[in-house]
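Take a look at the structure set out below.
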RNA sequence: GCGCCCGUAGCUCAACUGGAUAGAGCAUCAGACUUCGGAUCUGAGGGUUGGGGGUUCGAAUCCCUCCGGGCGCACCA
């Protein structure tokens, strides 16, 4: 639709120039859906944008362009409005054909369109989404949940658009925190055997550490009491915790294609190579026995340590991360999405700046930075901390409100807004809970078809037999709204803003509920032909909601 | 102190990336069931988009500044 309008406008401007009525260059033509539907289906602000170069009032320019518009059958009306907008109203036959396309394409229709994301691309683009990437030190928390759901939904969007998507989990199971984890498990293990072993300072206090220690005791008895090497404790913990993390992800419908371990990058010599390359570019210096990255030439607010001082000369987290991002670029991804919390933003800037300084094109790299999640129970904030045992795990949250609600709530907010997860609201099976509101609309639509079937009214196999001209303005508006969903999906994918989809679904559901509630709008009525036309529209609505929810990883129940 | 994010109706949030009269839900008040599912709907009130300045045809959106909140500012990740 937008392409059509753009080409119409381009043609009109072309003719106006040929006629000498316009002189300015043809600009890139801006197209938008007006907020107010009274302004038509599509609007353009070209006249406003070229007014200055043209040295004419925008409305006059708009009128000139309008006079040169060649109206195809798809368009029923062109008008100039407001400060100089050119508004287009699409004809009913156009909407009918869109509906027919939606109906015949079925599930394939309710997806983002690849050609809107990457116009002109003819090969299958490669996308990598790196998300979650939690080190295995404990169960996933509510905060991780937002990361996981955001990343997975971005992946779903691009997957649905036909891209070649890799979901990747980057982690480190070595290092300091892991040593602490091993020590914590060992302490608990010894305690299980009645030995007075204190948990280390800053050790992991969660109950899951005891569980791991108990499992170790059940498996190995007291064979490890005198073992001082932490490796076996660490390894047992990592194994158990990773299994737990994967299990939690599975409950949310999330899986990963690739797991990349920081240690593998180090062992492959890639981290050394990065250090050498940075040194060769004079971007490092030594101070206090450590190797530093120069902040100033990279436009960073401060210098940062790449390699720690001390006998083992361990790299900090950011050095392998630089190597990792270079590897990602080398793997040939057209789009790389990194999902992480606001606390990691400085690191990401450092990493990207360093990669760029080494001569790589970093434009494929995009970051989704989400703000923190707070949990509210009975109007009170729930405090969360991984180290202490006070946090609420993602598993507990899923237990309490269900996977559908968890996913929907995490997506129902712009990622750079803080997210307050209201447990009371999440559990309510009432219209103020957006998940139920949308799902209910779907269940209601499903019930129409059940009722229709019971009354012997079903859509014919040959859908072209249904006369869409019988539909009224209200029904057409509903269908328009539904048919606009793929465009919203495309925009959401392109902007990396999945929240647009749940908001759109909520509006669509609301519009349907309002329609449905009017007695005059009974879909199954005495007039068989009209009933079929309305069922046709209802089928599109149902598919739209189901398709939208599917993309969000939320179920679309037939009955509730 | 420095960097990033946020500030929109009493509350929780949108606003298609600079467009037309800033919109939803909740809460409040007043209404609608002979319903294909009332887990729904109709109506009303509620705003100087934190304050001030700037940019331009046009600003919640971009720039400057101040105020308020969050997150970072580790040889932890």
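Numbering (my numbering), first residue to last: 21 to 580. Virtual Cβ for every residue (Gly too), placed ideally from N, Cα, C.
Original post:
Which term fits residue 267, buried or exposed, when burial requires 16 or more other beta carbons within 10 angstroms of its beta carbon?
Top reply: As a first step, residue 267 is located in the first chain; it is residue number 247 there, counting from the start. Residue 267 is exposed by the Cβ-count criterion.
**OP:** Go through the segment 210 to 266 residue by residue and report every complete run of the alpha helix (DSSP H) that reaches 4 residues or more, in order.
**Re:** Correct list: 227 to 240.
Original post:
How many angstroms separate the CA atom of residue 471 from the CA atom of residue 566?
Top reply: In the first chain, residue 471 corresponds to position 451, counting from 1. In the first chain, residue 566 corresponds to position 546, counting from 1. Near 19 Å, if we compare the C-alpha coordinates of residue 566 and residue 471.
Original post:
What is the DSSP secondary structure of residue 130, reduced to helix, strand or coil?
Top reply: As a first step, residue 130 must be located in the first chain, where it is residue number 110. Note: residue 130 maps to coil in three-state DSSP.
Subject >> Cβ contact (3+ pairs, closer than 8 Å) linking the segment 127 to 138 and the segment 321 to 338 >> reply: The segment 127 to 138 makes no contact with the segment 321 to 338; the number of CB pairs closer than 8 Å stays below 3.
**OP:** Out of 504, 550, 238, 497, state which residue places its alpha-carbon closest to the alpha-carbon of residue 531.
**Re:** Walking along the first chain from the start, residue 531 turns up at place 511. Checking every option, the nearest Cα to that of residue 531 belongs to 497.
Original post:
Just to confirm, are residue 28 and residue 91 a CB contact at a threshold of 9 Å?
Top reply: Start at 1 with the first residue of the first chain, and residue 28 comes out as number 8. Start at 1 with the first residue of the first chain, and residue 91 comes out as number 71. Against a cut-off of 9 Å, the Cβ pair of residue 91 and residue 28 comes out as a contact.
Original post:
Does the segment 96 to 104 come within contact of the segment 59 to 67, defined as at least 3 CB pairs closer than 8 Å?
Top reply: Output reads yes: the segment 59 to 67 touches the segment 96 to 104.
Subject >> DSSP beta-bridge partners of residue 538 >> reply: The residue you call residue 538 lines up with position 518 of the first chain. Bridge partners of residue 538: none, in fact.
Subject >> Cβ neighbour criterion (16 or more within 10 Å) applied to residue 282 >> reply: Walking along the first chain from the start, residue 282 turns up at place 262. Buried.
Subject >> Option nearest residue 359 by Cα separation, candidates 524, 115, 151 >> reply: By one-based count along the first chain, residue 359 stands at place 339. Looking at the Cα atoms, 151 is the closest of the given residues.
Original post:
Whose CA, out of 163, 564, 72, lies closest to the CA of residue 363?
Top reply: Stepping through the first chain from its first residue, residue 363 is reached at position 343. Distance check between residue 363 and each of 163, 564, 72 places 163 closest, using alpha-carbon atoms only.
Original post:
What residue range is occupied by the uninterrupted beta strand (DSSP E) comprising residue 361?
Top reply: Your numbering for residue 361 matches position 341 in the first chain. Boundaries of the beta strand (DSSP E) harbouring residue 361: 355 to 361, taken from the DSSP string.
Original post:
What is the C-beta distance between residue 255 and residue 235, in whole angstroms, given that I count them as a contact (C-beta under 8 Å)?
Top reply: For the purposes of this step, residue 255 is taken as the residue at position 235 of the first chain. For the purposes of this step, residue 235 is taken as the residue at position 215 of the first chain. The pair is not a contact, with the Cβ atoms about 13 Å apart (cut-off 8 Å).
**OP:** Out of 562, 173, 485, state which residue places its alpha-carbon closest to the alpha-carbon of residue 122.
**Re:** Here the question's residue 122 lines up with position 102 in the first chain. Among 562, 173, 485, the Cα nearest to that of residue 122 belongs to 562.
Original post:
Distance, Cα to Cα, residue 322 vs residue 60?
Top reply: For this step, residue 322 is matched to residue 302 along the first chain. For this step, residue 60 is matched to residue 40 along the first chain. Distance from the CA atom of residue 322 to the CA atom of residue 60, rounded to whole angstroms, is 52 Å.
Original post:
For residue 100, does the three-state DSSP call read helix, strand or coil?
Top reply: Translated into the one-based positions of the first chain, residue 100 becomes position 80. It is a strand residue.
Original post:
To the nearest whole angstrom, what separates the beta carbons of residue 422 and residue 392, a pair I think is in contact under 8 Å?
Top reply: Position 402 of the first chain, counting from 1, holds the residue named residue 422. Position 372 of the first chain, counting from 1, holds the residue named residue 392. With 8 Å as the limit, residue 422 and residue 392 do not qualify as a contact, their Cβ atoms being about 23 Å apart.
**OP:** Determine, using beta-carbon pairs with one atom in the segment 503 to 511 and one in the segment 519 to 533, whether at least three such pairs fall under 8 Å.
**Re:** Contact between the segment 503 to 511 and the segment 519 to 533 is present: three or more C-beta pairs spanning the two stretches fall below 8 Å.
Original post:
Would you call the CB atoms of residue 172 and residue 319 closer than 9 Å?
Top reply: Along the first chain, read from residue 1 onward, the residue named residue 172 stands at position 152. Along the first chain, read from residue 1 onward, the residue named residue 319 stands at position 299. Taking C-beta atoms as the reference points, residue 172 and residue 319 fail to come closer than 9 Å.
**OP:** Name the residue from 293, 475, 158, 317 whose alpha carbon lies nearest to the alpha carbon of residue 303.
**Re:** Locating residue 303 in the first chain gives position 283, counting from the first residue. For the residues 293, 475, 158, 317, the minimum Cα distance to residue 303 belongs to 317.
Original post:
At what residues does the alpha helix (DSSP H) containing residue 458 begin and finish?
Top reply: Start at 1 with the first residue of the first chain, and residue 458 comes out as number 438. Here the alpha helix (DSSP H) through residue 458 covers 454 to 474.
Original post:
What did DSSP end up calling residue 169 once you bin it into helix, strand or coil?
Top reply: In the first chain, counting from the first residue as 1, residue 169 sits at position 149. Residue state, collapsed to three classes: helix.
Original post:
Is the beta carbon of residue 450 sitting closer than 9 Å to the one on residue 579?
Top reply: Here residue 450 corresponds to residue number 430 of the first chain, with the count starting at 1. Here residue 579 corresponds to residue number 559 of the first chain, with the count starting at 1. Against a cut-off of 9 Å, the Cβ pair of residue 579 and residue 450 comes out as no contact.
Original post:
Can you give the Cα-Cα distance for residue 353 and residue 489, rounded to whole angstroms?
Top reply: The residue given as residue 353 occupies position 333 in the first chain. The residue given as residue 489 occupies position 469 in the first chain. In a straight line, the C-alpha of residue 353 is about 47 Å away from that of residue 489.
Subject >> Residue nearest to residue 350 in terms of C-alpha spacing, selected from 326, 368, 330, 385 >> reply: If you number the first chain from 1, residue 350 lands on position 330. When each option's Cα is compared against that of residue 350, the closest is 385.
Original post:
When we look at the beta-carbon of residue 438 and count the other beta-carbons within 10 Å, is it buried (16 or more) or exposed?
Top reply: Counting from 1 along the first chain, the entry for residue 438 is found at position 418. By the 10 Å Cβ count, residue 438 comes out exposed.
Original post:
The alpha helix (DSSP H) spanning residue 556 covers which residue range?
Top reply: Translated into the one-based positions of the first chain, residue 556 becomes position 536. That run of the alpha helix (DSSP H) goes 548 to 572.
**OP:** In the DSSP assignment, find the alpha helix (DSSP H) that holds residue 430 and state where it starts and stops.
**Re:** The residue given as residue 430 occupies position 410 in the first chain. Note, residue 430: alpha helix (DSSP H), 423 to 431.
Original post:
DSSP state of residue 335, grouped into three classes?
Top reply: For this step, residue 335 is matched to residue 315 along the first chain. Three-state result, residue 335: strand.
**OP:** Give me the Cβ distance between residue 74 and residue 100, rounded to the nearest whole Å; I'm assuming they're in contact under 8 Å.
**Re:** In the first chain, the residue the question calls residue 74 occupies position 54. In the first chain, the residue the question calls residue 100 occupies position 80. About 15 Å separates the beta carbons of residue 74 and residue 100, which is beyond the 8 Å limit, so they are not a contact pair.
Subject >> Runs of beta strand (DSSP E) wholly within the segment 176 to 213 (minimum 3 residues, chain order) >> reply: 184 to 191, all fully within the segment 176 to 213.
Subject >> Beta-carbon contacts of residue 345 that lie in its chain and below 6 Å, excluding the five residues immediately before and after >> reply: Walking along the first chain from the start, residue 345 turns up at place 325. 371, 375.
Subject >> Nearest residue (CA-CA) to residue 389, options 436, 412, 395 >> reply: Counted from its first residue, the first chain places residue 389 at position 369. Cα-wise, what sits closest to residue 389 is 436.
Original post:
For residue 110, which residues does DSSP report across the bridge?
Top reply: The sequence position of residue 110 within the first chain is 90, counting from 1. Answer is 95.
Original post:
Buried or exposed: where does residue 348 fall if 16 or more other Cβ atoms within 10 Å of its Cβ makes it buried?
Top reply: The count along the first chain starts at 1 and reaches residue 348 at position 328. The C-beta of residue 348 has 16 or more other C-beta atoms within 10 Å across all chains shown, which makes the residue buried.
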